[in-house]
Amino acid sequence: MIKVPDIIIAVDGWSSTGKSTFAKMVAKHFSFLYLDSGAMYRGVTLLCLEKGMITNGVIDEKALSDALNAGFDLHFERPDDGSTQLFSGERNIEKEIRTMEVSSYVSPVSAVPFVRAWVDERLHAFSAGGRVIMDGRDIGTTVFPNAELKIFMTASDEVRAQRRFDELKAKGNATPFEAVLANLKERDYIDSHRETSPLRRAADAYELDNSDMTLHEELVWIQGLIQGKFGILE
Ligand code: DC
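Counting in my numbering, the sequence shown runs without a single skipped number right up to 220 at its last residue.
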């Protein structure tokens, strides 16, 4: 078993590359706290949708800014099963934030600079204790530019769309494959072309293309990386 020091591991990459599955597995294996930054953007998007702040695709930024400043309570809780769940006040919103509707609006919402600043502030607060693995789009570039280990995940478009399609299908959602692929490409485009903290690989990030890898192979890969970088064996 490798002993991993109390570091921050940043996992970035394209949509549906399996970042959260990978990060959760690493968190469990090495006893790290897993934080899903995308869930925060999804939580803010759910707030917009529920409060009618998006009309014909246009976000009412004034209303959103007022709602965030009024003390919107979005936070993570850790139930006994070791998972990390997103709450809006008392309400567990893990399921609601994963719908196609939220997925369709989350990229424009997350492109709003004051939304990013609001989320970043919370991500730093949640990570205060260290020993965290966080996934997202700008963790290694903006949120934790000094993270000791940075991973950038990629996979082919078809593999990613198939994964997302299977996930939605398992939840009873019949969105056609072509629509899933289109949503994925659209999100990739917006995420990598926005002005504030666009998705890009940090210069010091290690690339993981998992198009043809099993989860176990991904674990072996990061174990090798950690061992080589930190050189600590238990
Ligand atoms: O990882 P995800 O698909 O749940 O992320 C949802 C959206 O949030 C994604 O389209 C882009 C945005 N996001 C972001 O801009 N920055 C992050 N650090 C994480 C997610």
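The beta carbon of each residue, even a glycine, is placed where N, CA and C say it ideally should be.
By the criterion of at least three beta-carbon pairs nearer than 8 Å, the segment 162 to 172 is not in contact with the segment 12 to 21. At a cut-off of 7 Å, the beta-carbon of Val92 counts as near the ligand DC: some heavy atom of the ligand is closer than that. Counting along the chain, no beta strand (DSSP E) covers Thr31; the unbroken alpha helix (DSSP H) around it starts and ends at Ser23 to Glu36. Per the C-alpha coordinates, the member of Ile(-7), Val(-10), Asp(-8) and Ala9 positioned closest to Gly(-1) is Ala9. Rounded to whole angstroms, the gap between the alpha carbons of Arg150 and Ser2 is 6 Å. In the DSSP annotation of this structure, Ser51 is not part of any beta strand (DSSP E); the continuous alpha helix (DSSP H) holding it starts and ends at Glu47 to Asn55. Straight-line measurement puts the Cα of Gly75 at about 23 Å from the Cα of Gly122. Met26 is positioned such that its CB atom lies no closer than 8 Å to that of Arg77. Per the Cβ contact rule, the segment 130 to 147 is in contact with the segment -12 to -2 (3 or more Cβ pairs under 8 Å). The C-beta separation of Phe62 from Leu72 comes to about 6 Å, placing the pair in contact by the 8 Å criterion. Val98 is positioned such that its CB atom lies closer than 8 Å to that of Glu47.
Bridge partners of His202 according to DSSP: none are assigned.
A straight-line Cα-Cα distance of about 22 Å links Val95 and Gly4.
Within the chosen limit of 7 Å, the ligand DC does not reach the beta carbon of Ala168 with any heavy atom. In the DSSP annotation of this structure, Thr7 is not part of any beta strand (DSSP E); the continuous alpha helix (DSSP H) holding it starts and ends at Lys5 to Phe16.
Asn159 sits exposed, since fewer than 16 C-beta atoms from the chains shown fall within 10 Å of its C-beta.
For the ligand DC, no non-hydrogen atom lies closer than 7 Å to the CB of Arg108. In the DSSP assignment, Phe73 falls within the unbroken beta strand (DSSP E) covering Gln71 to Ser74.
For Ala156, the Cβ stays outside the 7 Å cut-off from all heavy atoms of the ligand DC. Per DSSP, reduced to three states, the secondary structure at Glu164 is helical. Between the ligand DC and Ser96, a heavy atom-to-CB distance of less than 7 Å is present.
From the listed residues Gly38, Thr70 and Ser142, the smallest Cα separation to Asn196 is found for Ser142. Residue range Val118 to Gly122 is occupied by the beta strand (DSSP E) that includes Met120.
Only residues of its own chain outside the window of five on either side were considered, and among them Leu205 have a CB closer than 7 Å to the CB of His15, listed in chain order.
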